[in-house]
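Q: Dropping the structure in here first, questions after.
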Amino acid sequence: MERIKFCFILISLLNFQSCFGDASSPFHLKPLGSHIPATEVTSVDGSTMITPNAFMQNFVLPRQPLVFRGIGKLWPAFEKWNDEYLKENYPNLELRMEGRKEKQSNIPQGDIALGRDSMKHFIETYQEKDTNKYVVSELPTPLYKYVNIPPPLGCGELKQRFTEINLWINSGGASSILHKDSPNIINCVVNGTKEWKLIEFKHNHLIYQAWEGPQEAGYGGYSLINPEKVDVEKFPNILEIPQWYHVTVNAGDCLYVPTQTWHVVKSYGKQNVAVSFLLSQFFERTMEDIDLAECGDIVPGKDISLNEIDVDWQYPGFGNMTMGYSDMVDYMQDIEFFFSPKTQKLSKKRIFHILMERHDGVSFQKEKCKQRTNQIFKIMNEMAPDGKITSSFVKELAREQLRDIIRLVEPHYSAGTLEHEYSHFTPQTLKEMCENLAKQNNGVLRKSDFVKMYLEANGSLKFAEDFWSKLVGLDSMKDEVVLSEIVDNLPNATFNYAFYGMEEEGSDDSEEYENRNDIPRSDFVSEPRGAMPDFNQNEGEEKKQKMKSNLKTEL
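Going by full-length UniProt numbering, the letters in the sequence shown line up with residues 1 to 555, in that order.
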């Protein structure tokens with residue numbers, strides 16, 4: 001009898017194993033997590049709210065998710081943030097947009113630029129049929145007063161570790177890929193519903209992470225799998241994940257998502273609005289070295305407005321965003337490394353080393369890092385009373401002074417800038433658009449034809465008209481030109497498109513910056529989300545004219 005029982009178990013195990021890595025598996029092309037039941041996420045509400053100490057010890061440090069039920073219902077935003085109110089009271093706030101299907105949709109056009117819309121225009125258009133608009137933006141500071149910080153983050157060190165605040169708006173039906181983010185996140189739903197699937201970081205080796213270069217390695221990132229239809233023949237290890245979480249977050253609820261936790265999110269509701277609080281990672285921290293002395297057993301936060309918090313990176317509602325910048329406290333590690341351990345003096349070689357580490361493998365490279373090294377060296381010395389800064393003085397700098405330095409250390413996140421559209425067209429593409437249109441009209445290029453084609457190529461009206469005015473030169477009111485008349489103006493018209501899409505190589509081999517590799521930096525971490533070349537007008541006209549000359553030769 002025992003032998004029969006053993007054989008039955010063995011056969012069952014063999015049959016179960018055959019399901020893995022096999023297209024005949026019952027889990028093949030099924031949604032992520034179909035192979036095992038989901039684990040419920042722990043939740044608290046107003047009557048069971050936990051203290052700061054309990055939150056850190058039981059959830060943040062061990063990286064466990066937590067749902068705060070109903071805390072957002074106390075926010076002014078919960079009652080006021082409908083479409084009409086936002087449109088009427090904040091029509092000119094600028095918002096960054098993505099496609100509704102993450103990494104599967106084109107960036108939508110806005111009334112300001114590609115991927116950039118005014119609040120008014122977004123509200124008027126995001127409900128349209130077949131729209132692709134989805135606001136994924138830094139929360140403009142004028143909207144801070146409508147939001148309270150989540151308990152229990154209103155005291156001690158926790159109150160000082162808000163890195164960035166983001167705003168999410170869509171009309172439902174938006175979904176993400178399977179991905180992980182570098183910071184700790186608390187995502188609060190104001191309107192609508194969000195459905196989350198979560199997988200702990202300790203199962204990272206089973207996820208099939210895509211390679212995005214050294215800047216993302218070990219921090220953020222996304223998986224190669226399709227979470228809606230998992231190909232278990234191609235990605236068999238997915239079925240070895242022993243546990244995953246599922247939770248529905250309703251209006252007024254907030255979900256704590258620990259740093260580097262893999263997750264998939266779906267949004268529902270005609271107006272789906274959420275606010276995300278991005279917090280420090282607290283890597284390699286313990287309860288003993290986290291300052292919560294003033295907290296005691298209180299549960300602060302529910303009545304503390306975001307207006308009262310000095311968030312590391314803030315966005316006023318116009319201009320460039322700083323999405324993706326790290327915790328300011330973490331940057332101190334870089335800034336302290338700027339100083340020689342022997343002399344305690346600021347070192348250009350060490351500054352350059354940090355910049356090259358943070359920009360390695362992207363278009364912003366050696367020449368730009370040298371220019372920024374000089375800027376940082378000058379700015380920091382000017383901060384000291386005697387014009388010569390020391391490492392001990394850095395610790396006394398105000399947060400705004402640190403921001404000035406960090407903005408030069410950190411690569412720019414191109415999608416957060418007004419110039420992002422330039423990177424979507426090459427000079428050669430624009431030249432061919434002009435040539436093809438002119439050929440179709442007996443050598444005459446009409447403005448209306450060009451604007452139409454530019455918009456169809458996913459550009460914006462504002463950039464199309466700006467390109468046209470540069471193309472026709474002094475006579476900017478012209479509505480049509482002969483192709484031969486614009487040859488000399490093409491380099492000027494396409495200059496920004498070349499600049500923001502180029503790969504800079506640099507040529508200066510000054511000894512002052514060389515041999516950076518002789519500086520040990522084994523503890524260095526780098527985690528920006530992306531980078532772009534950033535043109536400083538103070539760099540002079542000589543380089544600009546050289547680029548235009550090269551473009552003229554190429555075009």
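Glycine included, each C-beta is placed from N, C-alpha and C at the ideal position.
1) Compare the C-alpha of Asp22 against each of Val135, Leu114, Glu40 and Leu239 and name the closest.
2) Measuring only the C-alpha atoms, how far is Phe59 from Arg372?
3) What ranges does the alpha helix (DSSP H) occupy inside the stretch 109–196, keeping only unbroken runs of at least 4 residues that lie completely in it?
4) Suppose contacts are defined by Cβ-Cβ distances below 8 Å. Is Ala251 in contact with Asn191 by that definition?
5) Beta strand (DSSP E) containing His246: first to last residue?
6) Since Tyr126 and His179 should fall inside the 8 Å C-beta cutoff, what is the C-beta to C-beta distance between them, to a whole number of angstroms?
7) By Cβ distance below 7 Å, which residues in the same chain neighbour Glu94 in space, the five residues on each side in sequence not counted?
8) Can you tell which of Val481, Phe55, Ala398 and Arg96 has the C-alpha that lies nearest to the C-alpha of Leu445?
9) Quick check on DSSP: helix, strand or coil for Asn272?
10) Between Lys197, Pro52, Asn381 and Asp45, which lies nearest to Ile36 when the distance is taken from Cα to Cα?
11) Pull up the distance between the alpha-carbon of Thr322 and that of Arg407, whole angstroms please.
12) Measuring straight from C-alpha to C-alpha, what distance separates Met287 and Pro491?
13) Is it buried or exposed for Thr163, if we count other Cβ within 10 angstroms and need 16 for buried?
14) Can you list, in chain order, the residues of its chain whose CB lies under 7 Å from that of Lys73, leaving out five sequence neighbours each side?
15) Keeping to the same chain, check which residues put their C-beta closer than 8 Å to that of Arg516; ignore five residues upstream and five downstream.
16) At which residues does the beta strand (DSSP E) containing Glu480 begin and terminate?
17) May I ask you to verify whether the stretch 226–236 touches the stretch 295–315, counting CB pairs closer than 8 Å and requiring at least 3?
18) So the beta strand (DSSP E) Arg96 belongs to, where does it begin and stop?
19) With a cut-off of 8 Å on the beta carbons, I'd call Leu471 and Ala438 a contact; round off their distance for me.
20) For Ala38, count the other beta carbons within 10 Å of its own beta carbon; 16 or more makes it buried, fewer makes it exposed. Which is it?
21) Quick check on the DSSP output: the beta strand (DSSP E) that includes Val257 runs from which residue to which?
22) Under 8 Å, do Leu139 and Asn170 count as touching if we go by C-beta distance?
23) With DSSP as the reference, label Thr286 as helix, strand or coil.
24) What's the call for Asp83, buried or exposed, on a 16-neighbour Cβ count within 10 Å?
25) So for Gly72, helix, strand or coil by DSSP?
26) In the structure shown, what three-state DSSP assignment does Ser305 receive?
27) Let me know the secondary structure DSSP gives Glu40 once reduced to three states.
28) Would you call the stretch 130–150 and the stretch 231–238 in contact, with 3 or more CB pairs under 8 Å?
29) Look up Arg63 in the DSSP assignment and say whether it is helix, strand or coil.
30) What beta strand (DSSP E) runs, 3 residues minimum, are completely inside the stretch 338–387?
31) Pull up the distance between the alpha-carbon of Gly172 and that of Tyr134, whole angstroms please.
32) For Gln401, which option in Lys370, Met332 and Ser423 has the closest C-alpha, if you only look at C-alpha atoms?
33) Measure the CB-CB distance between Val265 and Ser182 and report whether it falls below 8 Å.
34) What is the rounded straight-line gap between the Cα of Glu382 and the Cα of Ile376?
35) Identify the continuous alpha helix (DSSP H) that holds Val451 and give its terminal residues.
36) With DSSP run on the structure shown, which of helix, strand or coil describes Trp468?
A: In short:
1) In the sequence shown, residue 22 corresponds to position 22, counting from 1. If we check each option's Cα against that of Asp22, Leu239 comes out closest.
2) Within the sequence shown, the letter at position 59 stands for residue 59. Within the sequence shown, the letter at position 372 stands for residue 372. Rounded to the nearest angstrom, the two C-alpha atoms are 40 Å apart.
3) 119–125
4) Here residue 251 refers to the residue found at position 251 of the sequence shown. Here residue 191 refers to the residue found at position 191 of the sequence shown. Yes. Within cutoff.
5) As a working mapping, residue 246 is identified with position 246 in the sequence shown. Taken as a continuous stretch (DSSP letters only), the beta strand (DSSP E) holding His246 covers Tyr245 to Asn250.
6) Within the sequence shown, numbered from 1, the residue matching residue 126 stands at position 126. Within the sequence shown, numbered from 1, the residue matching residue 179 stands at position 179. Contact flag wrong, Cβ pair sits at about 23 Å.
7) As a first step, residue 94 is located in the sequence shown; it is residue number 94 there, counting from the start. Closer than 7 Å at Cβ, skipping near neighbours: Ile112, Arg116, Ser118, Gly317 and Phe318.
8) By 1-based counting over the sequence shown, the position of residue 445 is 445. Looking at the Cα atoms, Val481 is the closest of the given residues.
9) For the purposes of this step, residue 272 is identified with residue 272 of the sequence shown, where counting begins at 1. Three-state DSSP puts Asn272 in a strand.
10) As a working note, residue 36 is residue 36 in the sequence shown. When only C-alpha atoms are compared, the closest one is Lys197.
11) Position 322 of the sequence shown holds residue 322. Position 407 of the sequence shown holds residue 407. Their backbone Cα atoms lie some 9 Å apart in a straight line.
12) Sequence index remark: in the sequence shown, residue 287 carries index 287 (1-based). Sequence index remark: in the sequence shown, residue 491 carries index 491 (1-based). Met287 and Pro491: Cα-Cα distance of roughly 59 Å.
13) By 1-based counting over the sequence shown, the position of residue 163 is 163. Buried, by the Cβ-count rule.
14) Stepping through the sequence shown from its first residue, residue 73 is reached at position 73. If we look at Lys73 and ignore the five residues flanking it on each side, its Cβ neighbours are Gly252.
15) As a position in the sequence shown, residue 516 is number 516, starting the count at 1. Low confidence applies to Arg516: its pLDDT is 36, below 50, so where it sits in the model is not reliable enough to give any reading.
16) The sequence position of residue 480 within the sequence shown is 480, counting from 1. Run containing Glu480: Glu480 to Val482, per the beta strand (DSSP E) assignment.
17) no
18) Position 96 of the sequence shown, counting from 1, holds the residue named residue 96. Arg96 -> beta strand (DSSP E) spans Glu94 to Gly99.
19) Counting from one through the sequence shown, the residue named residue 471 turns up at place 471. Counting from one through the sequence shown, the residue named residue 438 turns up at place 438. The Cβ separation is near 12 Å, so there is no contact.
20) For the purposes of this step, residue 38 is taken as residue 38 along the sequence shown, with counting starting at 1. Answer is exposed; the Cβ neighbour count stays below 16.
21) Along the sequence shown, read from residue 1 onward, the residue named residue 257 stands at position 257. Cys254 to Val257 is the span of the beta strand (DSSP E), which, as asked, contains Val257.
22) Start at 1 with the first residue of the sequence shown, and residue 139 comes out as number 139. Start at 1 with the first residue of the sequence shown, and residue 170 comes out as number 170. Cβ atoms of Leu139 and Asn170: not closer than 8 Å.
23) Sequence index remark: in the sequence shown, residue 286 carries index 286 (1-based). Note: Thr286 maps to coil in three-state DSSP.
24) The count along the sequence shown starts at 1 and reaches residue 83 at position 83. Looking at its Cβ environment, which holds 16 or more other Cβ atoms inside 10 Å, Asp83 is buried.
25) Locating residue 72 in the sequence shown gives position 72, counting from the first residue. Of the three classes helix, strand and coil, the one that applies to Gly72 here is helix, per DSSP.
26) On the sequence shown, position 305 is the one that residue 305 refers to. Here Ser305 sits in strand by DSSP.
27) Here residue 40 refers to the residue found at position 40 when the sequence shown is read from its first residue. Note: Glu40 maps to strand in three-state DSSP.
28) no
29) As a first step, residue 63 is located in the sequence shown; it is residue number 63 there, counting from the start. Coil, per DSSP.
30) none
31) Numbered from 1 along the sequence shown, position 172 holds the residue referred to as residue 172. Numbered from 1 along the sequence shown, position 134 holds the residue referred to as residue 134. Rounded to whole angstroms, Gly172 to Tyr134 spans 9 Å at the Cα level.
32) On the sequence shown, residue 401 is found 401 positions in, with the first residue counted as 1. Looking at the Cα atoms, Met332 is the closest of the given residues.
33) Stepping through the sequence shown from its first residue, residue 265 is reached at position 265. Stepping through the sequence shown from its first residue, residue 182 is reached at position 182. Cβ atoms of Val265 and Ser182: not closer than 8 Å.
34) Within the sequence shown, the letter at position 382 stands for residue 382. Within the sequence shown, the letter at position 376 stands for residue 376. So the alpha carbons of these two residues sit roughly 10 Å apart.
35) Along the sequence shown, read from residue 1 onward, the residue named residue 451 stands at position 451. Val451 -> alpha helix (DSSP H) spans Lys447 to Glu456.
36) By one-based count along the sequence shown, residue 468 stands at place 468. Helix.
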